[in-house]
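Here the structure is laid out as structure tokens; the discussion comes afterwards.
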Amino acid sequence: MNKKIVLFLICAAGINMIIISLQAQCTDWKQLQVTDSIFTNPFFGISTTPEADKLNRPFEYVASVSGGLKIYNNNDAGNPTLLSTIPKSKLGNLDVINLYQDSIWLYVCLGNIWDTTEMAGLAIIDVTNPSSPQIMDYYIYPGLTGGSGAVAIQGPYAYLAANQNGLIILDISNKNKIQFKSKLILDQHFPHSKTGSTSLYNARGIALQGHFAYVCFDRGGLRIIDISDANAPIQINQYCFPALIDKATAYNNIVIHNHWAFVSIDYYGMEILDITNPKSIVQLGWWHPNSWTEATNDFNMWSNSAGHANELAFDPDCNIIYIAAGKSDLVAIDVSDPQHPQTCQTYGTPDDDYGTWGLDFYNHKVHIGYIWSPVTPPHSNYTGYKILQTNCKTTDVKTPTTNNKCAISPNPTTGYINVNLGEQKLKTITIYNLYGTRLQEHVKNEFSIANLPDGMYYLYIQMIHSSYVQKVLKQQ
Numbered sequence: 092m093n094k095k096i097v098l099f100l101i102c103a104a105g106i107n108m109i110i111i112s113l114q115a116q117c118t119d120w121k122q123l124q125v126t127d128s129i130f131t132n133p134f135f136g137i138s139t140t141p142e143a144d145k146l147n148r149p150f151e152y153v154a155s156v157s158g159g160l161k162i163y164n165n166n167d168a169g170n171p172t173l174l175s176t177i178p179k180s181k182l183g184n185l186d187v188i189n190l191y192q193d194s195i196w197l198y199v200c201l202g203n204i205w206d207t208t209e210m211a212g213l214a215i216i217d218v219t220n221p222s223s224p225q226i227m228d229y230y231i232y233p234g235l236t237g238g239s240g241a242v243a244i245q246g247p248y249a250y251l252a253a254n255q256n257g258l259i260i261l262d263i264s265n266k267n268k269i270q271f272k273s274k275l276i277l278d279q280h281f282p283h284s285k286t287g288s289t290s291l292y293n294a295r296g297i298a299l300q301g302h303f304a305y306v307c308f309d310r311g312g313l314r315i316i317d318i319s320d321a322n323a324p325i326q327i328n329q330y331c332f333p334a335l336i337d338k339a340t341a342y343n344n345i346v347i348h349n350h351w352a353f354v355s356i357d358y359y360g361m362e363i364l365d366i367t368n369p370k371s372i373v374q375l376g377w378w379h380p381n382s383w384t385e386a387t388n389d390f391n392m393w394s395n396s397a398g399h400a401n402e403l404a405f406d407p408d409c410n411i412i413y414i415a416a417g418k419s420d421l422v423a424i425d426v427s428d429p430q431h432p433q434t435c436q437t438y439g440t441p442d443d444d445y446g447t448w449g450l451d452f453y454n455h456k457v458h459i460g461y462i463w464s465p466v467t468p469p470h471s472n473y474t475g476y477k478i479l480q481t482n483c484k485t486t487d488v489k490t491p492t493t494n495n496k497c498a499i500s501p502n503p504t505t506g507y508i509n510v511n512l513g514e515q516k517l518k519t520i521t522i523y524n525l526y527g528t529r530l531q532e533h534v535k536n537e538f539s540i541a542n543l544p545d546g547m548y549y550l551y552i553q554m555i556h557s558s559y560v561q562k563v564l565k566q567q
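Residue numbers for the sequence shown follow the numbering used here, beginning at 92 and rising by one.
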């Protein structure tokens, strides 16, 4: 994407209004403060994801790959101590990759997502007594290899993002006997003209809302799956940022708040999507620091990006997204105005030998996992976790609205567009795509874009005394 053109569009949209909006964000931000940290020898396990105890106890559950599950006591001295370990030998000899806690139950994603020789599985651990955790059961799916990246729980079912196996639904109503319910293998022919290696299409992240599962499918973009029938899940939609089509693509993780989805897309930052209608996903905003790599197919450019967005969490009290950002460690982003996400703080620097992978947020604290990965991003020579205290103040989320001085209808449109300027006098309307390419120019407020492909477009509306930029969605 040509950033000069995008910057020009933003400025033309009424730069004073945007400046006011951005100044209102992060105004009461205070720097993150480390409360606990521990770094260990990677020979005994590589930390990927920390999970804060959700029963308000001072315990930390850490997915440690070949080191199994490790449980720490975060004591008041700020020096966590190892409390107990469940080795992988007791979990089907599969690596521990990710975690999710629901009351006394800890759900453990099994199977290495980098070493594709391991199967995908799920374990349920009773953590009533963290010093003596009890394995209730574990399940290994007898399908493709590739491990499992994440799990979401809803009612009696666990929804496992199982890499090349797609979505696996498990019945967990009996914690002592996990049972297979159904699966959905995801198609690899979207969104790129050339599919590429099948190993690049992995169900890595998942979030649930209502009877829909939103699955991050790595190179395959975002998939929306109807799970109303647990016996027969069906994909109803698929989405990819147009700028990433036919470029290196990695949809890694997702969190949902109301009708907004926050999606980490690796070196390309984070998208904010409106999922009000799961069958018609609309991009509201995009966060991408200048130091992060532009859309590319060059391995070295991807590898040398100043950050790679992976796991993320949303703070509903302060409207902040926290992202595990690879070499940039941790980034706090104000999303109170979803159309204009604003960086409040980057904790860490890409110039050191530390890099993160996993993240959790609980009780106004961010828990970040440092992964040992000296060869590939995030190029980290240390493994462990840190806990950081947040200090933001509660803010209100601004619902994006159409500028009342410049209304576009219908939006979405099948082609016809009417721009209502009120008493203002029009000069020109220029149409740009998301790459900043100029497509059309009009001198009347009624025109058609029926000849353009379906997708999102920018309208640069220039009047005698002012100008605006508006988004319009064209779809059949």
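In this text, a Cβ means the ideal position worked out from N, Cα and C, and glycines have one as well. Remember, predicted model here, so these are calculated numbers, not experimental data.
Per DSSP, residue i forms a beta bridge with which residues?
i, result
"W205", "W205 is not bridged to any residue."
"G460", "G449, Y476"
"K562", "Y549"
"I412", "F405, I424"
"N256", "Answer is none; N256 lacks a bridge partner."
"Y438", "L421"
"I318", "I318 is not bridged to any residue."
"E532", "T521"
"V346", "F353"
"C307", "G296, L313"
Please state whether the Cβ-Cβ distance between residue i and residue j is less than 9 Å.
i, j, result
"F575", "Y473", "The structure shown does not extend to residue 575, since the chain is modelled only from 92 to 567, so the question has no answer here."
"C200", "V242", "yes"
"Q480", "C117", "no"
"A211", "A143", "no"
"T528", "Q553", "no"
"Y358", "A334", "no"
"T176", "L160", "yes"
"D337", "S284", "yes"
"L123", "Y438", "yes"
"S386", "A339", "For the record, residue 386 in the displayed sequence is Ala; it is not Ser. Contact flag set, yes."
"Y305", "A352", "yes"
"V563", "N502", "yes"
"I188", "N203", "yes"
"I508", "Y549", "no"
"P369", "F281", "no"
"T208", "G460", "no"
"N524", "L530", "yes"
"L258", "L235", "no"
If we count the other Cβ atoms within 10 Å of its Cβ and call it buried at 16 or more, is residue i buried or exposed?
i, result
"F390", "exposed"
"I462", "buried"
"L313", "buried"
"I327", "exposed"
"E402", "buried"
"N495", "Because N495 carries a pLDDT of 46, less than 50, the predicted location of this residue cannot be relied on, and no value is offered for it."
"D442", "exposed"
"D206", "exposed"
"S138", "buried"
"Q114", "Its pLDDT being 42, under 50, Q114 is placed unreliably by the model, and nothing is read from it."
"A416", "buried"
"S464", "buried"
"S471", "buried"
"N344", "buried"
"E532", "exposed"
Determine the DSSP secondary structure at residue i, reduced to helix, strand or coil.
i, result
"P233", "coil"
"A400", "strand"
"A211", "strand"
"N391", "helix"
"S284", "coil"
"T289", "helix"
"S128", "strand"
"K181", "helix"
"F135", "helix"
"L146", "coil"
"P141", "strand"
"A323", "coil"
"L313", "strand"
"A498", "strand"
"L261", "strand"
"L197", "strand"
"A298", "strand"
"A386", "coil"
"A334", "helix"
"S155", "coil"
Flag residue i as yes when its Cβ comes closer than 8 Å to any non-hydrogen atom of the ligand ZN, and as no otherwise.
i, result
"T286", "As far as ligands go, the structure on display features none, and thus does not contain the ligand ZN."
Under 9 Å, Cβ to Cβ, is there at least one residue of chain C near residue i?
i, result
"F150", "Looking for chain C here will not work: only one protein chain is present."
Query raised in the report: Does the count of Cβ pairs from the region 263–270 and the region 205–223 closer than 8 Å reach three?
Result: yes
**Report entry** Cβ pair count under 8 Å reaching 3, the region 400–413 against the region 422–438
**Finding:** yes
Report task. Please confirm if the region 162–170 is in contact with the region 137–152, defined as three or more CB-CB distances below 8 Å between the two stretches. Result -> yes
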